[in-house]
Amino acid sequence: AQKLEISKRTLYELFSDKDTLVEQCWDKIREEQEKKIAGYLFYQPGSALEQARNLIQEYIAAVCMISCISLQELQQKVSYADSYEKNRRFWLDSFTEVLEHCVADGSVLPDVDCQLFAKRLMNVLLGLYLEGGTRREMDAFGWALLRGIATHRGIEWLDGKKPNS
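Residue numbers (our numbering): 970 to 1134.
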(Lines of atoms letter the chains of each structure in order from A and count residues from 1; the text may use other names and numbers.)
(Lines give C-alpha, C1' and ligand atoms only; values in the text may rest on other atoms or scores of the structure.)
Protein backbone atom coordinates (compact mmCIF):
# COMPACT_ATOMS: atom_id res chain seq x y z
CA ALA A 1 0.00 0.00 0.00
CA GLN A 2 2.81 2.40 0.88
CA LYS A 3 4.70 1.64 -2.31
CA LEU A 4 1.58 2.27 -4.39
CA GLU A 5 0.55 5.22 -2.20
CA ILE A 6 -2.85 3.65 -1.49
CA SER A 7 -4.61 4.09 1.81
CA LYS A 8 -5.64 1.10 3.93
CA ARG A 9 -9.26 2.12 3.49
CA THR A 10 -8.93 1.93 -0.30
CA LEU A 11 -7.34 -1.51 0.02
CA TYR A 12 -10.24 -2.74 2.13
CA GLU A 13 -12.66 -1.44 -0.51
CA LEU A 14 -10.77 -3.17 -3.33
CA PHE A 15 -10.18 -6.53 -1.65
CA SER A 16 -12.61 -8.59 0.38
CA ASP A 17 -9.93 -9.90 2.73
CA LYS A 18 -6.19 -10.02 3.42
CA ASP A 19 -5.78 -13.40 1.73
CA THR A 20 -7.20 -12.09 -1.55
CA LEU A 21 -4.95 -9.03 -1.37
CA VAL A 22 -1.83 -11.10 -0.70
CA GLU A 23 -2.66 -13.55 -3.47
CA GLN A 24 -3.21 -10.72 -5.98
CA CYS A 25 0.06 -9.04 -4.96
CA TRP A 26 1.99 -12.30 -5.15
CA ASP A 27 0.59 -13.03 -8.64
CA LYS A 28 1.46 -9.51 -9.82
CA ILE A 29 5.01 -9.81 -8.49
CA ARG A 30 5.45 -13.14 -10.28
CA GLU A 31 4.13 -11.69 -13.56
CA GLU A 32 6.59 -8.79 -13.35
CA GLN A 33 9.46 -11.18 -12.57
CA GLU A 34 8.53 -13.39 -15.52
CA LYS A 35 8.71 -10.41 -17.88
CA LYS A 36 11.95 -9.16 -16.36
CA ILE A 37 13.88 -12.42 -16.65
CA ALA A 38 12.51 -13.66 -19.98
CA GLY A 39 15.80 -12.66 -21.61
CA TYR A 40 17.80 -14.89 -19.28
CA LEU A 41 15.82 -17.90 -20.47
CA PHE A 42 16.61 -17.40 -24.15
CA TYR A 43 19.58 -19.63 -24.92
CA GLN A 44 22.50 -17.80 -26.48
CA PRO A 45 25.56 -20.03 -26.93
CA GLY A 46 28.54 -18.72 -25.00
CA SER A 47 26.55 -16.65 -22.54
CA ALA A 48 24.62 -19.25 -20.52
CA LEU A 49 26.82 -18.93 -17.43
CA GLU A 50 26.36 -15.17 -17.48
CA GLN A 51 22.61 -15.72 -17.74
CA ALA A 52 22.76 -18.07 -14.74
CA ARG A 53 24.72 -15.50 -12.75
CA ASN A 54 22.22 -12.78 -13.66
CA LEU A 55 19.31 -15.05 -12.72
CA ILE A 56 20.86 -15.71 -9.31
CA GLN A 57 21.15 -11.96 -8.75
CA GLU A 58 17.52 -11.46 -9.81
CA TYR A 59 16.40 -14.21 -7.44
CA ILE A 60 18.31 -12.58 -4.58
CA ALA A 61 16.72 -9.22 -5.40
CA ALA A 62 13.26 -10.83 -5.52
CA VAL A 63 13.75 -12.57 -2.17
CA CYS A 64 15.13 -9.44 -0.51
CA MET A 65 12.19 -7.39 -1.77
CA ILE A 66 9.90 -9.18 0.70
CA SER A 67 10.39 -9.01 4.45
CA CYS A 68 11.45 -12.18 6.29
CA ILE A 69 8.22 -12.19 8.27
CA SER A 70 6.12 -11.94 5.10
CA LEU A 71 8.10 -14.71 3.40
CA GLN A 72 7.68 -17.00 6.39
CA GLU A 73 3.95 -16.28 6.43
CA LEU A 74 3.73 -17.04 2.70
CA GLN A 75 5.53 -20.34 3.24
CA GLN A 76 3.43 -21.44 6.19
CA LYS A 77 -0.11 -20.20 5.66
CA VAL A 78 -2.32 -22.74 3.88
CA SER A 79 -4.35 -20.06 2.08
CA TYR A 80 -1.18 -18.77 0.38
CA ALA A 81 0.16 -22.21 -0.55
CA ASP A 82 -0.97 -22.07 -4.18
CA SER A 83 0.52 -18.63 -4.84
CA TYR A 84 3.74 -19.50 -3.02
CA GLU A 85 4.07 -22.77 -4.95
CA LYS A 86 3.47 -21.06 -8.32
CA ASN A 87 6.25 -18.58 -7.56
CA ARG A 88 8.62 -21.27 -6.28
CA ARG A 89 7.91 -23.41 -9.36
CA PHE A 90 8.51 -20.45 -11.68
CA TRP A 91 11.97 -19.84 -10.19
CA LEU A 92 12.81 -23.55 -10.08
CA ASP A 93 11.88 -24.01 -13.75
CA SER A 94 13.82 -20.87 -14.72
CA PHE A 95 16.97 -21.95 -12.88
CA THR A 96 16.69 -25.48 -14.27
CA GLU A 97 16.37 -24.20 -17.83
CA VAL A 98 19.32 -21.82 -17.55
CA LEU A 99 21.49 -24.50 -15.92
CA GLU A 100 20.64 -26.89 -18.77
CA HIS A 101 21.84 -24.18 -21.15
CA CYS A 102 25.08 -24.03 -19.13
CA VAL A 103 25.55 -27.79 -19.54
CA ALA A 104 24.90 -27.47 -23.30
CA ASP A 105 27.41 -24.59 -23.37
CA GLY A 106 30.08 -26.66 -21.65
CA SER A 107 30.37 -24.18 -18.78
CA VAL A 108 28.78 -26.52 -16.21
CA LEU A 109 29.71 -30.16 -15.66
CA PRO A 110 27.57 -32.53 -17.76
CA ASP A 111 26.61 -34.84 -14.88
CA VAL A 112 24.91 -32.09 -12.84
CA ASP A 113 21.24 -32.73 -12.03
CA CYS A 114 20.09 -29.24 -12.99
CA GLN A 115 16.70 -29.39 -11.27
CA LEU A 116 18.11 -30.76 -8.02
CA PHE A 117 20.92 -28.19 -8.03
CA ALA A 118 18.43 -25.39 -8.74
CA LYS A 119 16.27 -26.52 -5.84
CA ARG A 120 19.24 -26.63 -3.47
CA LEU A 121 20.53 -23.26 -4.67
CA MET A 122 17.15 -21.66 -4.02
CA ASN A 123 16.89 -23.31 -0.59
CA VAL A 124 20.37 -22.12 0.43
CA LEU A 125 19.76 -18.54 -0.70
CA LEU A 126 16.29 -18.35 0.85
CA GLY A 127 17.52 -19.94 4.08
CA LEU A 128 20.42 -17.53 4.28
CA TYR A 129 18.06 -14.57 3.88
CA LEU A 130 15.63 -15.89 6.50
CA GLU A 131 18.56 -16.32 8.91
CA GLY A 132 19.59 -12.69 8.48
CA GLY A 133 22.15 -13.01 5.70
CA THR A 134 23.01 -9.93 3.68
CA ARG A 135 22.66 -9.53 -0.08
CA ARG A 136 26.45 -9.58 -0.33
CA GLU A 137 26.58 -12.92 1.52
CA MET A 138 23.80 -14.33 -0.63
CA ASP A 139 25.60 -13.21 -3.78
CA ALA A 140 28.85 -14.80 -2.59
CA PHE A 141 27.09 -18.08 -1.81
CA GLY A 142 25.34 -18.08 -5.19
CA TRP A 143 28.65 -17.45 -6.94
CA ALA A 144 30.43 -20.17 -4.95
CA LEU A 145 27.71 -22.75 -5.55
CA LEU A 146 27.69 -22.02 -9.28
CA ARG A 147 31.50 -22.21 -9.34
CA GLY A 148 31.28 -25.61 -7.64
CA ILE A 149 29.51 -27.16 -10.63
CA ALA A 150 31.39 -25.24 -13.33
CA THR A 151 33.85 -26.72 -15.79
CA HIS A 152 37.39 -25.32 -15.95
CA ARG A 153 36.25 -22.81 -18.59
CA GLY A 154 33.26 -21.86 -16.45
CA ILE A 155 35.46 -21.40 -13.38
CA GLU A 156 37.76 -19.07 -15.31
CA TRP A 157 34.79 -16.96 -16.39
CA LEU A 158 33.29 -16.88 -12.88
CA ASP A 159 36.62 -15.98 -11.29
CA GLY A 160 36.64 -12.89 -13.49
CA LYS A 161 33.20 -11.99 -12.10
CA LYS A 162 33.90 -12.71 -8.43
CA PRO A 163 31.65 -10.73 -6.05
CA ASN A 164 33.32 -7.86 -4.20
CA SER A 165 34.55 -8.90 -0.80
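C-beta: ideal position from N, C-alpha, C; glycine also.
Just so it is clear, the structure is predicted and the values come from calculations on it, not from any experiment.
Inside the stretch 986–1073, DSSP marks whole alpha helix (DSSP H) runs of 4 or more residues at positions 987–1006, 1017–1033, 1037–1045, from first to last along the chain. Taking all protein chains in view, the Cβ of D1080 is surrounded by fewer than 16 other Cβ atoms within 10 Å, so the residue is classified as exposed. DSSP, read as helix, strand or coil, puts V1081 in coil. For T1103, the closest C-alpha among the options L1085, I1038, I1029, R1058 is that of I1029. I1006 places its beta carbon less than 9 Å from that of E1027. Closest in C-alpha terms to L1090, from the list I1038, R1122, W1060, K997, comes W1060. Between E1001 and K1130, the gap from beta carbon to beta carbon reaches 9 Å or more. The residue from S1063, D988, G1117 with its alpha-carbon nearest to that of R999 is S1063. Restricting attention to Y1053, G1075, L1114, E1125, the CA atom closest to the CA of V991 is found in Y1053. Shown here for N1056: same chain residues with a beta carbon closer than 6 Å to its own, the five before and five after excluded, namely R999 in chain order. By the Cβ neighbour-count rule, C1071 is buried, with 16 or more other Cβ atoms within 10 Å of its own. Shown here for V1093: same chain residues with a beta carbon closer than 7 Å to its own, the five before and five after excluded, namely F1110, L1114 in chain order. Closest option to G1101, judged by alpha-carbon separation, among K987, S1016, L1010, I1038: I1038. Residue environment: E1066 is assigned as buried (16 or more neighbouring CB atoms within 10 Å of its CB, all protein chains considered). CA-CA distance, R1116 to E1125, rounds to 9 Å.
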